[in-house]
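Reviewing the structure listed below.
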Amino acid sequence: MRLRESFNGLPESEAKIARYVLQHPAEFVNMAVQDLSRASQSSPAAVVRLWKSLGFEGYQDFKLRVASDLQANPQAQYTELSDDYSFGSILHSVEDSNIQSIQNTLRLLREADVKAIAEALRTARQTVTIGVGASGVVADDIAQKLMRIGLPVSAAHDFHQGATLAAQIHEEDVLIAVSYSGTTTDIIEVAEVAKASGARIIALTRFGNTPLSRLADICLCISAVEPKVRVAATASRICALVIVDIVFMYLANLDKEGVYAALEATRNAIARHKTD
1 MRLRESFNGL PESEAKIARY VLQHPAEFVN MAVQDLSRAS QSSPAAVVRL WKSLGFEGYQ
61 DFKLRVASDL QANPQAQYTE LSDDYSFGSI LHSVEDSNIQ SIQNTLRLLR EADVKAIAEA
121 LRTARQTVTI GVGASGVVAD DIAQKLMRIG LPVSAAHDFH QGATLAAQIH EEDVLIAVSY
181 SGTTTDIIEV AEVAKASGAR IIALTRFGNT PLSRLADICL CISAVEPKVR VAATASRICA
241 LVIVDIVFMY LANLDKEGVY AALEATRNAI ARHKTD
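Numbering-wise (this note's numbering), the sequence shown opens with residue 1 and increments by one.
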């Protein structure tokens, strides 16, 4: 999955290796570095660069992850529009897509990144979240969660809102940018403004080399089983919300007493609201 999603951004020498591994995974898991470089017509140095760029701890880790994938269930062939889709087929297709996407996403998640983000959010002077379209739903979810535990946060849904907020933040602040593609122009430009202001950039985006990932200090990577032509963001949105839940739970456990007091205060305030 890491190979597929990063393939188009790889240099040619590394892309040749990635292509070979994707086409011959069973053979690859038994190969030494020199064997793989010869088979893919590349070099041992390119093999090292590839596993490093994919975030593996070493060549053995790379091989073990591929071997693990070979033993797992094959990824579902997911489509959203079909002439012969029954209600039952739709149920199973959406279920399989979401389950597979969440499992793949959680395999990309690193505790060190979650810990660093939780600490950054806890100590930030303020946090700004931005997402457009379906990503705006995720940005709002982040803002709502941080607001409930008393952390200063603002949410933006377009370039004008985002740029206005980003221009006023600095090195003590955090920008959380949400874009599955990692290429959304509004998000990239707002992240550039925030970066120039010295803020820390956290990206929720797909795995791979994208304009947003290059700007980010930390990436939380989303892996979604979705077709190239989508009716709407489905699995990617669900995966992003799952990541947000994990970060929030980690953050909440850093200050249980303070978080509990804030949650009680907000719950009581809402409970006192009367509707006719």
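Just so it is clear, CB atoms sit at the ideal spot from N, CA and C, and this is done for glycine as well.
Taking residue i as the reference, which of the options has the closest Cα?
i           : options            : result
residue 143 : 133, 155, 132      : 155
residue 97  : 190, 236, 185, 153 : 236
residue 174 : 199, 193, 180      : 199
residue 255 : 44, 159, 123       : 123
residue 163 : 218, 101, 191      : 191
residue 44  : 14, 212, 63        : 14
residue 31  : 153, 67, 270       : 67
residue 159 : 109, 186, 216      : 186
residue 157 : 252, 180, 129, 182 : 129
residue 241 : 93, 136, 7         : 136
What are the start and end residues of the beta strand (DSSP E) that includes residue i?
i           : result
residue 154 : 153 to 156
residue 178 : 174 to 178
Output the boundary residues of the alpha helix (DSSP H) element that contains residue i.
i           : result
residue 22  : 12 to 23
residue 94  : 87 to 108
residue 45  : 44 to 53
residue 121 : 111 to 123
Give the DSSP-derived three-state secondary structure of residue i in the structure shown.
i           : result
residue 143 : helix
residue 266 : helix
residue 32  : coil
residue 162 : helix
residue 274 : coil
residue 8   : helix
Quick one: what's residue i bridged to in DSSP?
i           : result
residue 219 : 203
residue 129 : 155, 176
Check: Does the region 113 to 123 come close enough to the region 256 to 274 to have 3 or more Cβ pairs within less than 8 Å?
Finding: They do not touch, by the three-pair rule.
Checklist line | Meets three-Cβ-pair contact criterion under 8 Å: the region 182 to 191 and the region 199 to 216 | finding: yes
Next item on the list: For the region 265 to 274 and the region 167 to 183, state whether three or more C-beta atom pairs, one from each stretch, are separated by less than 8 Å.
Entry: no
Check: Do three or more CB pairs link the region 97 to 108 to the region 132 to 151 at distances below 8 Å?
Finding: Judged by Cβ distances under 8 Å, the region 97 to 108 makes no contact with the region 132 to 151, as fewer than three pairs qualify.
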